[in-house]
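K.L.:
The structure is given below, and queries will be raised subsequently.
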Amino acid sequence: LIDNTVGAYDAQPSVAPYAQDAWSIVWERQQTASERDIYYSTFHAPSGSLGVPLALVTGSTDDFEPRVSSRTWWDGTCVVAFQRAGFFFQTDIAIVWLNNQVPSGFPPVIVNGLDGSNIFEFQYDHDVTCDGRSFTLTYCETDMATFNNVDVYLTNFVPLQTGGLWIQEGHV
Numbered sequence: 016l017i018d019n020t021v022g023a024y025d026a027q028p029s030v031a032p033y034a035q036d037a038w039s040i041v042w043e044r045q046q047t048a049s050e051r052d053i054y055y056s057t058f059h060a061p062s063g064s065l066g067v068p069l070a071l072v073t074g075s076t077d078d079f080e081p082r083v084s085s086r087t088w089w090d091g092t093c094v095v096a097f098q099r100a101g102f103f104f105q106t107d108i109a110i111v112w113l114n115n116q117v118p119s120g121f122p123p124v125i126v127n128g129l130d131g132s133n134i135f136e137f138q139y140d141h142d143v144t145c146d147g148r149s150f151t152l153t154y155c156e157t158d159m160a161t162f163n164n165v166d167v168y169l170t171n172f173v174p175l176q177t178g179g180l181w182i183q184e185g186h187v
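When the sequence shown is numbered by the numbering used here, its final residue is 187 and no position is left out of the sequence of numbers.
Now the structure itself:
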C-alpha cells in the first residue's frame, strides 16, 4: 500500500528504478471533479520501507497521468512528465524534476510550443525515460484545427549542474 489517505481517489501509478533495490513511484490524486494533483514516493525493496508521499504538483490545474523516469547516474535527477488540462479541452505535456527526491523548485515546464509554432495542439499518450545521462520524452500530438493529423514526437533534455534542464532537442 503506497498511500492510504481516507477519502482520496489515487490512480494512474508509474514506477521506475531509483537505485539498486529501490523504486520511484508517482500517481495522481483526485482532489475535486476537475482537479487532480501529482504525488511522488520511493520504495526500498529489501527493507520494505516506503518514503513519505510528497505532493509534487498541486494547485487549481488538472494534472494527471504521471510518468516517472529513472535517475541520472551522477546527480540523481529524475523527471516526472504528466498531462495538464488546458484551453478548450486541450491537454499539454508538462515536466517537473527532482534531485535525489527533492523537487527542483522550478514551476512545471510545458512542452507544448517548444518549436514556437504549435501552442494550440493537443498532446497525450506520453512516456519518459533516462539513459543515465539525459531524458527522452515521447508523446502524441494533433492539430486542434483538424484532429485527424496525429504525429509522434520526441523531446530530449539534459540536466544542468545548476539544477535546470537544457532542451537538447525540442520537437523532433
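For every residue, glycine included, the Cβ atom is placed at its ideal position computed from N, Cα and C.
Note that the structure is predicted; figures quoted are calculated from it, not measured.
Once DSSP output is grouped into helix, strand and coil, what is the label at W88?
P.N.:
coil
K.L.:
Would V173 and V95 qualify as a contact pair, given that the criterion is a beta-carbon distance under 8 Å?
P.N.:
no
K.L.:
For E184 and A60, I'd like the C-alpha separation in whole angstroms.
P.N.:
Note on geometry: alpha-carbon atoms of E184 and A60 lie some 35 Å from one another.
K.L.:
Taking the straight line between their C-alpha atoms, what separation do you get for E156 and I17?
P.N.:
When rounded, the distance between both Cα atoms is 32 Å.
K.L.:
Return the CA-CA distance between E43 and G22, expressed in angstroms with no decimal places.
P.N.:
14 Å
K.L.:
Is the beta carbon of D52 sitting closer than 8 Å to the one on T20?
P.N.:
no
K.L.:
Tell me where the beta strand (DSSP E) around A109 begins and ends.
P.N.:
106–114
K.L.:
Please report the straight-line C-alpha distance between T153 and V126, rounded to a whole angstrom.
P.N.:
If you take the alpha carbons of T153 and V126, they lie about 11 Å apart.
K.L.:
If you draw a straight line from the C-alpha of R148 to the C-alpha of T57, how long is it?
P.N.:
21 Å
K.L.:
Out of F137, C145, R99, D146, which has the shortest C-alpha to C-alpha gap to Y168?
P.N.:
F137
K.L.:
Can you give the Cα-Cα distance for V83 and D25, rounded to whole angstroms?
P.N.:
16 Å
K.L.:
Taking only three categories from DSSP, how would you classify N163?
P.N.:
coil
K.L.:
Nearest to V143 by CA position, among Q35, A37, P81, P122, is which residue?
P.N.:
P81
K.L.:
Helix, strand or coil: which one does DSSP assign to R99?
P.N.:
strand
K.L.:
According to DSSP, simplified to helix, strand and coil, what is A31?
P.N.:
strand
K.L.:
Roughly how many angstroms lie between the CA atoms of F150 and G66, to the nearest whole one?
P.N.:
Approximately 24 Å, taken between the alpha carbons.
K.L.:
Given this structure, state the Cα-to-Cα distance separating Q35 from T76, to the nearest angstrom.
P.N.:
Here the alpha carbon of Q35 sits roughly 35 Å from the alpha carbon of T76.
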